[in-house]
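Student: One structure coming up, written as structure tokens, with questions to follow.
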Amino acid sequence: MSAGKQRAPFRRPGSPTAELTGGSRTSRGGAQGAVACAAADPGSSRRQFGSAPGAGVAAGDAFFRRRFWRGVVCALVGAGLWGFSGACAQFLLSNYDIEPSFVTAVRMLGAGLLFLVVLAARQRERLAAMLRDRRTFGRLVVFGAVGLYLCQITYAIVIDYTNAGTATVLQCTGIAFVMLFTCVVGRKLPRAKEFVGLVAALFATWLIATQGDPSALSLPLPGLLWGIANGLSVAFYIVYPKKLFAEWGSFAVTGIGMLVGGVAAALVWLAGGAADGTGLALPTLDAAGFLVFGLIIVVGTFAAFALYLHGVSIVGSVKGSLLGAIEPVSATAFSALWLGTAFSGADWVGFVLMIAMIFLVTGEKPQPESDAEAAGGRRALAEAAGGAQGRADGEASRE
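The numbering of the sequence shown is the working numbering, which starts it at 3 and goes up by one.
In structure tokens form, the structure reads like this:
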């Protein structure tokens, strides 16, 4: 029975049926040929997303190159918006009587609710299916509370024990943890370009955060331990949701995870207020304060995490974590534009190293790091082929 006569039930995006819809038909173009090959031999996708004879190979390769570069751009823009968020948070903390825990709770809860509204409007069936699946919901709670929220709160704790520059440098240890985990699980050594990119990113971050002055680093033992915890939490929220992204899509997973993290942040803030006797005392904000808060929620959290984690779901954990190191460059640039600070020689050297890192990690032929990422690629290709098939059918019916 055709789809026009009976509506197909909702299926998880990562299921074989969803990934390969339209792939078994006679190829009407390169993308569908690649899907047909993936359907014939799904196990071959560890190192390749799919291929097909003749035009199918070229079209499939072109599709994945475009998809890879879309992921690179999303990861860079998302990480850049984190820098914007940092400049906004600095403005709030410097000009208003406000606690970092309150900023964290408001930005995560506000962004989580915004994600929920968009999901309810555009992906209602997927949202309902995710919430009904107990195993999936449990993994989303872990992702939101242990990954997204823990990353935010540990970073604030590190700043409290040390300073912002030291916290930024320690946060970049998450890149090393991602690379280490990927190498151990995959039983392989890191690619040479990725390792050099790691060194360049760490050195660039150190230059920008400390201006090349080792004495600017403040490393008491509690600060060091919390810094390591922050790096681990960064690595966790980048690596952990791979299978969730492949199964449900990055936007829905990020949205529910952000809402869970926001609830956790709000509970911690309320508990802190109860402990110190301040209760529900809210800061006094003027119009500028409300505007900046709105920008943090919509641009610096909602858009930043949606774009960055979508990019990670495409380019992979290692490349995604390296591209995320662009955040201190963005923060420095936004501070210069907003607060009028000048770039130093150390800043310029750091910028050059970051640009070199981007060229290093994006200069190779895109390949998936895991089966989950390969499945996500096949799903995207199947959706593209399905869209092409639908357009072809529509044109045929009009003729």
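Just so you know, even glycine gets a beta-carbon here, dropped at the ideal spot from N, CA and C.
#1: Are the beta-carbon atoms belonging to L94 and G291 less than 8 angstroms from one another?
#2: Three or more C-beta pairs closer than 8 angstroms, one from the region 184–201 and one from the region 127–146: is that the case here?
#3: Throw me the rounded Cβ distance for the L172 and V160 pair, which I believe falls under 8 angstroms.
#4: For S332 and A276, what's the separation of their Cα atoms in angstroms?
#5: Note the first and the last residue of the continuous alpha helix (DSSP H) segment covering R141.
#6: Assuming T164 contacts G225 under a Cβ cut-off of 8 angstroms, what Cβ separation, rounded to an integer in Å, is found between them?
#7: With a 10 Å radius around its C-beta and 16 neighbouring C-beta atoms as the bar for buried, classify A283 as buried or exposed.
#8: Along the alpha helix (DSSP H) that carries Q154, what are the first and last residues, could you check?
#9: Whose CA, out of S315, G318, L204, lies closest to the CA of I357?
#10: Which ranges would you report for the alpha helix (DSSP H) in the region 299–369 if only whole runs of at least 4 residues count?
#11: Which residues in the same chain as T106 place their Cβ atom closer than 7 angstroms to its Cβ, once the five residues preceding and following it in sequence are excluded?
#12: Flag this pair as yes or no: are the beta carbons of V148 and F238 separated by less than 8 angstroms?
#13: When the Cβ atoms of the region 96–113 are set against those of the region 300–320, are three or more pairs found closer than 8 angstroms?
#14: Is any beta-carbon of chain D found at less than 8 angstroms from that of S96?
#15: Roughly how many whole angstroms lie between the Cα atoms of S476 and G233?
#16: Would you mind working out which of A335, L142, A64, V354 sits nearest T256, comparing C-alpha positions?
#17: With a threshold of 6 angstroms on Cβ separation, who are the neighbours of V144 within its own chain once the five nearest residues in sequence on each side are excluded?
#18: Smallest Cα separation from F179: which of Y242, I360, V119?
#19: Tell me the DSSP secondary structure of Y239 in three-state form.
#20: DSSP three-state call for D63: helix, strand or coil?
#21: In the structure shown, what three-state DSSP assignment does G149 receive?
#22: Does the separation of the CB atoms of S103 and W271 fall below 8 angstroms?
#23: Let's test the definition: count the other Cβ atoms within 10 Å of the Cβ of D349 and tell me whether it reaches 16, buried, or not, exposed.
#24: The alpha helix (DSSP H) spanning A203 covers which residue range?
#25: Reducing DSSP to helix, strand and coil, say where A38 ends up.
#26: Is G313 buried or exposed, if buried means 16 or more other CB atoms sit within 10 Å of its CB?
#27: Report all residues from its chain with a CB closer than 7 angstroms to the CB of S87; omit the five preceding and five following residues, and keep chain order.
#28: Would A81 and V317 be called neighbours here (beta carbons separated by less than 8 angstroms)?
#29: Tell whether a beta-carbon distance below 8 angstroms holds between S217 and S315.
#30: Please list, in chain order, all residues of the same chain as C185 whose beta carbon is under 8 angstroms from its beta carbon, the five residues on each side excluded.
#31: For L221, which of S319, I258, A169 has the nearest alpha-carbon?
Tutor: This is what the structure holds:
#1: yes
#2: no
#3: 6 angstroms
#4: 36 angstroms
#5: 136–144
#6: 4 angstroms
#7: exposed
#8: 152–163
#9: L204
#10: 306–317, 319–325, 329–341, 347–364
#11: Q154, I155, A158, A267
#12: yes
#13: yes
#14: Annotation note: the requested chain D is absent from the structure, which comprises a single protein chain.
#15: The requested residue 476 is not part of the displayed model; the chain covers only 3 to 401.
#16: L142
#17: none
#18: Y242
#19: helix
#20: helix
#21: helix
#22: yes
#23: buried
#24: 194–212
#25: Residue placement at A38 is poorly supported in this model, since its pLDDT is 39, which falls under 50; the coordinates are not used for a value here.
#26: buried
#27: I298, G302, T303, A306
#28: no
#29: no
#30: L191, P192
#31: A169
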